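Below you'll find the structure, written out as structure tokens, and then a few comments.
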Amino acid sequence: MAEETAIFAGGCFWCMVEPFETLPGILKVRSGYTGGFLENPTYEQVKAHETGHTEAVKVWFDNNVVTYQNLVELYWQTADPTDAMGQFQDRGDNYRPVIFVNSDEQEEIANKSKALLAASGIFGDDAIVTQIEKADIFWEAEDEHQQFYKKHADIYADEKQERDAYKAKFWGTHTK
2 MAEETAIFAG GCFWCMVEPF ETLPGILKVR SGYTGGFLEN PTYEQVKAHE
52 TGHTEAVKVW FDNNVVTYQN LVELYWQTAD PTDAMGQFQD RGDNYRPVIF
102 VNSDEQEEIA NKSKALLAAS GIFGDDAIVT QIEKADIFWE AEDEHQQFYK
152 KHADIYADEK QERDAYKAKF WGTHTK
């Protein structure tokens, strides 16, 4: 097994876990916060914009089963790359779309994928504003935020409606 990690931010982390977690080759997905200036931030602090952190998910994966390229491609289907100040109903810098890279190889893959997405014209004249940044310390969120889609299926269903509409519009209804 070739275990690696990847970190993606694209709105509320509640809606970012399921698409990655249900992909073959995923070992673990955890919700958390990254990119800020306060050690061990809480959900309330991040939500109140007091820490500079972005809600994100950290994905542990077996690179022999699923590649980083596969994860980046899934990310584009999960987070709107044209919305710099939030995602869907979640607004603010703590919900901004970011691919946090752990290596030069991940950075190269993410940048090439972003350029291909921009060149595809799928979003018309809208710019691809997703940032690609070096990974920082990832602080795991509190237990109640982990695997939220399993613990609170009714709330999760409401939260992901706009994300599902985005996926259907730009990527077709066959995506997870």
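Going left to right, the sequence shown walks through residues 2 to 177 as the working numbering numbers them. All residues carry an ideal CB built from backbone N, CA and C; glycine is no exception. Keep in mind the model is a prediction, meaning the values are calculated, not measured.
Residue j beta carbon less than 7 Å from that of residue i
i, j, result
"T52", "G36", "no"
"T6", "W61", "yes"
"H50", "Y34", "no"
"E56", "N103", "no"
"K48", "R31", "no"
"Y150", "E19", "yes"
Residue i versus the options, residue with shortest Cα-Cα distance
i, options, result
"T179", "I8, L72 and K48", "Residue 179 falls outside the range modelled here, since the chain spans only 2 to 177, and no answer is possible."
"H146", "I138, Y157 and A136", "Y157"
"F89", "D165, W172 and F9", "D165"
"T68", "A49, A120 and P25", "P25"
"N64", "L28, A116, W140 and G125", "L28"
"D126", "K115, S114 and T83", "T83"
"G12", "T79, V30, F139 and E40", "T79"
"E141", "I8, P20 and K152", "I8"
"Y167", "A136, I123 and A154", "I123"
"A15", "E163, T131 and Q148", "Before going on, a small fix: residue 15 reads as Trp here, not Ala. With distances taken between Cα atoms, W15 lies closest to Q148."
"E40", "E143, E163, D155 and I138", "I138"
"T131", "D144, W172, D155 and E108", "E108"
Beta-carbon separation (whole angstroms), residue i vs residue j, contact threshold 8 Å
i, j, result
"A111", "I100", "5 Å"
Beta-ladder partner(s) of residue i, from DSSP
i, result
"G32", "The question names Gly, but residue 32 in the sequence shown is Ser. DSSP lists V58 as partners of S32."
"D63", "E4"
"D91", "Q88"
"A10", "V99"
Residue i - DSSP class collapsed to helix/strand/coil
i, result
"E143", "coil"
"Q148", "coil"
"A179", "This structure does not reach residue 179, given that the chain is present from 2 up to 177, and the question cannot be answered."
"E134", "strand"
"I184", "Only positions 2 to 177 of the chain appear in the structure, and residue 184 is not among them; the question remains open."
"V18", "helix"
"H49", "Looking at the sequence itself, residue 49 is Ala, so the reference to His does not match. Reduced to three states, the DSSP call for A49 is coil."
"H175", "Unreliable placement is indicated for H175, whose pLDDT of 43 sits below 50; the coordinate value is still reported in the next sentence. Coil at H175, not helix or strand."
"I27", "strand"
"A154", "helix"
"E74", "helix"
Chain C within 7 Å of residue i, Cβ atoms only
i, result
"A166", "Included in the structure is just one protein chain, with no chain C present."
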